[in-house]
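Trainee: After the structure tokens below, expect a handful of questions from me.
Number of protein chains: 2
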Amino acid sequence: MEKSNPIVGIQLARNGERPLYSQLAQALKELIIKGELSSGSKIPPIRQLAGILGVNNSTVVQALEVLSREGLIYKHVGRGTFVAPSSRSQPPVEGGGHVYDFSSLAPATELFPVLDFKKALNRALDYYGGEALNYQPHLGYRPLREKMAALLGQEGISVSPERIMVISGSQQGIDISAKVLLEQGETVFLEEPTYPGSLLTFQGRGVRIINIPIRQSGLDFVELEKRLADFRPRLLFVMTRLQNPTGYSYTPEQKAHLLQLAYKYNFYILEDDYLSALDYRDYRSTDPPLKAMDRWDRVILLKSFSKVLMPGLRLGFVILPEGLQEDFLGAKYAADISSSGLMQRAFSFFLQDDSWEEHLKTIRREFRSRYQLVKKFLKEQSPLLYFWDPEGGLFFWVRLNRGGWSEDLAVLLRRRGVDIAPGSAFFAGKRQTPWFRLSFATGSKKDLERGLDLLKDGLQELQTGQDLDRIPQEEPEKRLF
Amino acid sequence: MEKSNPIVGIQLARNGERPLYSQLAQALKELIIKGELSSGSKIPPIRQLAGILGVNNSTVVQALEVLSREGLIYKHVGRGTFVAPSSRSQPPVEGGGHVYDFSSLAPATELFPVLDFKKALNRALDYYGGEALNYQPHLGYRPLREKMAALLGQEGISVSPERIMVISGSQQGIDISAKVLLEQGETVFLEEPTYPGSLLTFQGRGVRIINIPIRQSGLDFVELEKRLADFRPRLLFVMTRLQNPTGYSYTPEQKAHLLQLAYKYNFYILEDDYLSALDYRDYRSTDPPLKAMDRWDRVILLKSFSKVLMPGLRLGFVILPEGLQEDFLGAKYAADISSSGLMQRAFSFFLQDDSWEEHLKTIRREFRSRYQLVKKFLKEQSPLLYFWDPEGGLFFWVRLNRGGWSEDLAVLLRRRGVDIAPGSAFFAGKRQTPWFRLSFATGSKKDLERGLDLLKDGLQELQTGQDLDRIPQEEPEKRLF
Chain A
13 MEKSNPIVGI QLARNGERPL YSQLAQALKE LIIKGELSSG SKIPPIRQLA
63 GILGVNNSTV VQALEVLSRE GLIYKHVGRG TFVAPSSRSQ PPVEGGGHVY
113 DFSSLAPATE LFPVLDFKKA LNRALDYYGG EALNYQPHLG YRPLREKMAA
163 LLGQEGISVS PERIMVISGS QQGIDISAKV LLEQGETVFL EEPTYPGSLL
213 TFQGRGVRII NIPIRQSGLD FVELEKRLAD FRPRLLFVMT RLQNPTGYSY
263 TPEQKAHLLQ LAYKYNFYIL EDDYLSALDY RDYRSTDPPL KAMDRWDRVI
313 LLKSFSKVLM PGLRLGFVIL PEGLQEDFLG AKYAADISSS GLMQRAFSFF
363 LQDDSWEEHL KTIRREFRSR YQLVKKFLKE QSPLLYFWDP EGGLFFWVRL
413 NRGGWSEDLA VLLRRRGVDI APGSAFFAGK RQTPWFRLSF ATGSKKDLER
463 GLDLLKDGLQ ELQTGQDLDR IPQEEPEKRL F
Chain B
13 MEKSNPIVGI QLARNGERPL YSQLAQALKE LIIKGELSSG SKIPPIRQLA
63 GILGVNNSTV VQALEVLSRE GLIYKHVGRG TFVAPSSRSQ PPVEGGGHVY
113 DFSSLAPATE LFPVLDFKKA LNRALDYYGG EALNYQPHLG YRPLREKMAA
163 LLGQEGISVS PERIMVISGS QQGIDISAKV LLEQGETVFL EEPTYPGSLL
213 TFQGRGVRII NIPIRQSGLD FVELEKRLAD FRPRLLFVMT RLQNPTGYSY
263 TPEQKAHLLQ LAYKYNFYIL EDDYLSALDY RDYRSTDPPL KAMDRWDRVI
313 LLKSFSKVLM PGLRLGFVIL PEGLQEDFLG AKYAADISSS GLMQRAFSFF
363 LQDDSWEEHL KTIRREFRSR YQLVKKFLKE QSPLLYFWDP EGGLFFWVRL
413 NRGGWSEDLA VLLRRRGVDI APGSAFFAGK RQTPWFRLSF ATGSKKDLER
463 GLDLLKDGLQ ELQTGQDLDR IPQEEPEKRL F
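Order-wise, the sequence lines are chains A and B.
Going left to right, the first sequence walks through residues 13 to 493 as the working numbering numbers them.
Going left to right, the second sequence walks through residues 13 to 493 as the working numbering numbers them.
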């Protein structure tokens with residue numbers, strides 16, 4: 013007798029006592045745990061599954077979401093959904109819950125100044141009424157641009173409010189910069205590794221991407237100059253302070269060098285300043301952004317508050333070089349007409365009183381303490397792990413130092429209720445790397461501690477099943493990528 | 013003695029009693045009114061002006077903004093800023109104020125349900141706290157997507173919440189659809205005339221644009237079929253209900269025809285449904301959107317509430333066809349990561365009680381009465397003006413029927429404190445047309461009435477100075493464009 017697909021045998025009770033999706037999730041879970049759906053096997057496509065079972069597509073989607081959260085299945089973009097490895101031997105954590113997400117840069121919700129911001133929102137509505145909810149001036153709400161000019165002034169950037177455009181977060185800034193500066197076939201230079209959202213934008217724009225490695229000592233300037241002469245890019249995208257994902261901060265000399273190159277080879281630098289408020293060095297940081305040293309007007313500065321205030325603000329700022337204002341206004345209009353007038357006004361009120369400074373103190377204290385906790389953990393894991401010390405920010409760039417891929421570690425950790433960001437996400441064309449980004453931004457400190465314990469277990473498990481010679485043992489600096 | 017530039021003689025008092033920009037605006041105004049800066053002459057570039065006068069660029073910008081609002085100067089994109097014609101003989105309206113903006117589709121602020129929305133915002137913050145201000149699921153907040161599915165169900169569209177993606181307004185929907193569907197060099201078909209924001213997006217994407225005329229009887233299907241065979245587009249962008257700017261609504265037969273063509277020639281239709289709630293016909297409208305008839309899944313429906321609720325909502329919805337979900341999620345991420353979680357939750361609460369239905373009743377009543385007022389006016393102006401009757405919406409598509417260009421009328425009206433939207437804005441390559449869009453969305457009804465009086469005066473003035481034979485007198489239908 014031919015072995016039939018075990019899914020066909022699933023029975024769902026339609027008496028309404030328990031939602032169909034929940035029954036389906038339970039039934040699939042049992043098949044996986046019993047091994048009838050074996051590790052690595054493909055789950056049929058949603059429509060097919062819905063057809064077999066006689067349920068709506070959405071029922072299937074919800075059931076798969078449950079299994080995915082429990083680490084029993086995983087999605088492979090473009091290939092489908094699969095049963096996670098060793099699901100049988102490794103049942104999910106108690107209750108299928110999620111313990112800690114080391115992959116997320118969404119800051120801990122508990123740290124958001126919700127009450128202060130609520131006050132600011134209500135003030136904005138009371139003061140402006142419907143005006144706050146109508147279309148906005150294309151550059152953005154002027155008092156907010158003035159406040160931003162003042163904040164930038166504190167960082168050594170002298171800029172008029174007319175040159176500051178409000179946008180809906182840094183990602184939009186990257187997207188419209190790509191539109192303004194890059195026609196298809198033109199060239200952009202990126203740091204490697206880099207922020208995945210920038211890869212998404214530049215790949216979607218159909219431009220040529222040239223990657224310049226970030227070493228532990230910073231951007232590889234030898235490589236950069238060689239490539240500049242060959243490719244003549246229009247744009248270089250950099251994060252000069254607490255680079256994502258490496259945490260590297262450029263030295264003043266490196267910044268000066270970069271600006272000279274931008275002048276010499278006539279390209280713009282898109283500088284994403286998204287995390288600079290979080291510097292934990294004991295000496296007061298005196299490093300200004302690249303833009304503060306930009307006497308040739310080559311730098312387009314993006315400033316956002318998603319990580320240091322709240323992602324839900326959905327506001328950011330672009331400092332526009334002379335001559336590009338009209339183009340940026342057009343690209344912003346094409347993107348979403350204007351950013352929320354209510355949020356702009358509320359943020360402006362919020363910046364007006366002490367809330368902002370107090371909030372900065374709070375998050376610096378909290379994240380610095382998390383940073384120290386995780387750093388201590390990473391040191392204890394040496395020589396199993398190797399890491400770069402960012403001296404700030406929300407994450408570490410960590411390497412599996414005894415062989416193994418972070419992508420395998422991610423699968424294995426997910427079953428324990430823990431997520432990491434495998435390094436391949438930060439490269440244009442890598443499928444596996446020993447590096448991963450370990451963020452401590454999200455959740456509570458207690459969950460972070462539990463997460464670290466599980467990470468430790470996961471690392472042990474990875475080592476146990478590991479062919480330690482699979483990756484040649486070189487010096488860390490040489491085998492970065 | 014050589015005649016010096018009159019601007020050099022401007023004296024500004026730096027005693028701080030009156031802002032520099034305001035003094036500068038006044039001084040320039042006097043030069044214009046005295047005729048020392050003559051009609052049509054170019055204002056020096058901002059930096060040069062700032063240099064001459066020893067003030068900041070921003071001071072000059074603010075001063076020019078004042079003059080621009082008063083209609084004394086105008087900008088010509090790419091060419092500079094000029095003194096408006098006949099400024100001397102036609103001083104600005106009392107106090108330099110603005111009377112009515114017939115060019116704007118931003119609905120009257122007084123009609124926004126500010127208090128109800130404020131309540132919804134506070135409920136969202138009280139209920140969800142920081143979660144409302146964090147990153148959001150990429151498809152959007154699920155309860156809102158469920159409500160949207162229910163609303164679409166009332167229009168005959170059966171769709172699961174998994175196929176509804178929240179976006180930051182219709183314009184973003186057009187922009188990400190262009191990214192997902194069109195590589196550079198591919199072809200998009202547009203209605204002609206069409207919404208300027210779509211032109212901005214498609215031109216910025218570097219794709220080939222083919223325009224299909226909208227006649228008074230609807231889209232020119234003969235032209236469309238001829239072009240389809242030649243160009244094989246990937247996408248057609250349409251507004252099937254109350255098309256912007258013509259106000260035309262497709263008949264059910266035209267919709268069926270369009271769908272058959274989409275199937276036959278294998279293209280997607282991007283349908284922007286932005287105004288359908290505003291139908292003033294006495295019989296209950298039974299026309300569903302194209303999407304309701306879409307059995308081949310060729311339609312990408314955009315739904316927004318900017319015009320019927322508040323532009324400041326910055327929310328819209330895309331109904332995704334099977335197979336495009338992943339691509340749209342990626343493009344949305346690249347655009348702005350996610351739309352405001354707070355606005356999504358507030359809108360969801362707002363839709364929950366009676367506020368939404370009540371608001372719809374209010375704006376239908378108000379805009380219908382404005383529609384009737386403007387229609388009466390336009391009839392009275394016949395045969396000077398010719399117009400299409402949209403039987404709904406917020407604007408009329410109007411033609412100068414005795415010669416003259418709407419672009420000239422716009423300049424002339426601006427001096428009277430009135431703006432119209434000249435037709436050329438709605439065409440990809442026209443600089444002059446006798447058509448213009450006359451919107452009655454904004455401001456108070458009283459201002460609208462004053463605006464109509466000034467429009468009448470402006471029309472008289474235009475006729476007086478007019479060579480009536482400049483445009484050949486054909487039948488309206490034949491000389492649409």
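For glycine and all other residues, C-beta sits at the position ideal for the given N, C-alpha and C.
Since this is a predicted model, take the numbers as computed values, not measurements.
Using a beta-carbon distance cut-off of less than 7 Å, what residues from the region 65–85 of chain B approach chain A?
Mentor: Answer set for the region 65–85 of chain B: N68, N69, S70 and V73.
Trainee: Is DSSP giving K319/A helix, strand or coil here?
Mentor: K319/A: coil per DSSP, three-state reduction.
Trainee: Just the Cα atoms here: how many angstroms apart are R427/B and F233/B?
Mentor: Those two C-alpha atoms are separated by around 41 Å.
Trainee: Could you tell me whether the Cβ of R157/A comes closer than 8 Å to any Cβ of chain B?
Mentor: Judged by the 8 Å Cβ criterion, R157/A is not in contact with chain B.
Trainee: How many Å lie between I19/A and A25/A at the Cα?
Mentor: I19/A and A25/A: Cα-Cα distance of roughly 15 Å.
Trainee: Of all the CB atoms in chain B, is at least one closer than 8 Å to the CB of I349/A?
Mentor: With 8 Å as the cut-off, I349/A counts as an interface residue toward chain B.
Trainee: So is A241/A buried or exposed if we call it buried at 16+ other beta carbons inside 10 Å?
Mentor: When all chains shown are included, A241/A counts as exposed.
Trainee: In angstroms with no decimal places, state the Cα-to-Cα distance between W447/B and L397/B.
Mentor: Looking at the two C-alpha atoms, the distance is approximately 10 Å.
Trainee: Taking the alpha helix (DSSP H) that W368/A falls in, what are its first and last residues?
Mentor: W368/A -> alpha helix (DSSP H) spans S367 to E392.
Trainee: Can you look up S99/B in the DSSP assignment and give me helix, strand or coil?
Mentor: Interpretation of S99/B is limited by its pLDDT of 36, a score under 50 that renders its predicted location unreliable; no figure is taken from the coordinates.
Trainee: Output, in sequence order along the chain, the residues in the region 195–222 of chain A whose CB is closer than 7 Å to any CB in chain B.
Mentor: The region 195–222 of chain A vs chain B, Cβ under 7 Å: E195, Q196, G209, L212, T213, G216 and G218.
Trainee: How would you label D333/B, buried or exposed, when you count the other beta carbons within 10 angstroms and need 16 or more for buried?
Mentor: Looking at the sequence shown, residue 333/B is not Asp but Pro. Counting Cβ neighbours within 10 Å, P333/B comes out buried, since at least 16 surround it.
Trainee: Against chain B, which members of the region 323–356 of chain A pass a CB distance test of less than 9 Å?
Mentor: Within the region 323–356 of chain A, the residues whose Cβ lies closer than 9 Å to some Cβ of chain B are P323, G324, L325, R326, E334, E338, G342, A343, Y345, A346, A347, D348, I349, S350, S351, S352, G353, L354 and M355, listed in chain order.
Trainee: Nearest-angstrom Cα distance between G463/B and A161/A?
Mentor: Distance between the alpha carbons of G463/B and A161/A is about 38 Å.
Trainee: Relative to the C-alpha of S451/A, which candidate in L290/A, G141/A, S210/A and Y383/A has its C-alpha closest?
Mentor: Answer by Cα proximity: Y383/A.
Trainee: Using only the alpha-carbon positions, how far apart do S53/A and G92/A sit?
Mentor: Approximately 10 Å between the Cα atoms of the pair.
Trainee: Could you tell me the distance, in whole angstroms, from the CA atom of G216/A to the CA atom of A190/B?
Mentor: Looking at the two C-alpha atoms, the distance is approximately 11 Å.
Trainee: Are the Cβ atoms of I58/B and N69/B separated by less than 8 Å?
Mentor: Going by C-beta atoms, I58/B is nearer than 8 Å to N69/B.
Trainee: Span of the beta strand (DSSP E) holding G328/A?
Mentor: Looking at the DSSP string, the run of the beta strand (DSSP E) that includes G328/A is G328 to I331.
Trainee: Between which two residues does the alpha helix (DSSP H) holding F361/B run?
Mentor: Here the alpha helix (DSSP H) through F361/B covers G353 to Q364.
Trainee: If you check the beta carbons only, do F407/A and F399/A fall under 8 Å apart?
Mentor: No, the Cβ-Cβ distance between F407/A and F399/A is not below 8 Å.
Trainee: For chain B, check one thing: does any of its Cβ atoms lie closer than 8 Å to the Cβ of L145/A?
Mentor: Interface residue, yes.
Trainee: With 8 Å as the threshold, decide whether the Cβ of P173/A is near any Cβ in chain B.
Mentor: Yes, because at least one Cβ of chain B sits closer than 8 Å to the Cβ of P173/A.
Trainee: Alpha carbon to alpha carbon, how far is S394/A from L313/A?
Mentor: Roughly 38 Å between the two C-alpha positions.
Trainee: Which whole-angstrom value describes the C-beta separation of L425/A and G470/A, a residue pair presumed to lie in contact below a C-beta threshold of 8 Å?
Mentor: Right, the Cβ-Cβ distance comes to about 4 Å (below 8 Å), so this counts as a contact.
Trainee: Residues of chain A with CB under 8 Å from E122/B, in chain order?
Mentor: Those within 8 Å of E122/B in chain A are G142.
Trainee: Tell me which residues of the region 415–433 of chain B have at least one Cβ-Cβ distance to chain A shorter than 7 Å, keeping chain order.
Mentor: Here the close residues number zero.
Trainee: DSSP state of R449/B, grouped into three classes?
Mentor: In this structure, R449/B counts as strand in the three-state DSSP scheme.
Trainee: Report the option in T476/A, K315/A and R443/A whose CA atom is closest to the CA atom of I179/A.
Mentor: Minimum Cα distance to I179/A is reached at K315/A.
Trainee: Quick one: using the 10 Å Cβ neighbour count with 16 as the cut-off for buried, is A268/A buried or exposed?
Mentor: Exposed: under 16 other Cβ atoms inside 10 Å.
Trainee: Under 8 Å between beta-carbons, which chain A residues line up against V126/B? List them in chain order, please.
Mentor: Under the 8 Å cutoff, chain A gives L137, G141, G142 and L145.
Trainee: Would you say D187/B reaches chain A, if we count a Cβ-Cβ gap shorter than 8 Å as a contact?
Mentor: Output row for D187/B: interface = yes.
Trainee: Kindly indicate which three-state DSSP category N413/A falls into: helix, strand or coil?
Mentor: Three-state result, N413/A: strand.
Trainee: Using a C-beta to C-beta distance shorter than 7 Å, which residues of chain A count as neighbours of S316/B?
Mentor: Near S316/B there are no residues of chain A at all, since even the closest Cβ is about 10 Å away, more than 7 Å.
Trainee: Going by the CB atoms, is the gap between P402/B and A118/B shorter than 8 Å?
Mentor: In this structure, P402/B does not lie closer than 8 Å to A118/B by Cβ.
Trainee: What residues match up with I226/A in a beta bridge as DSSP calls it?
Mentor: Answer by DSSP bridge pairing, in chain order: L231/A.
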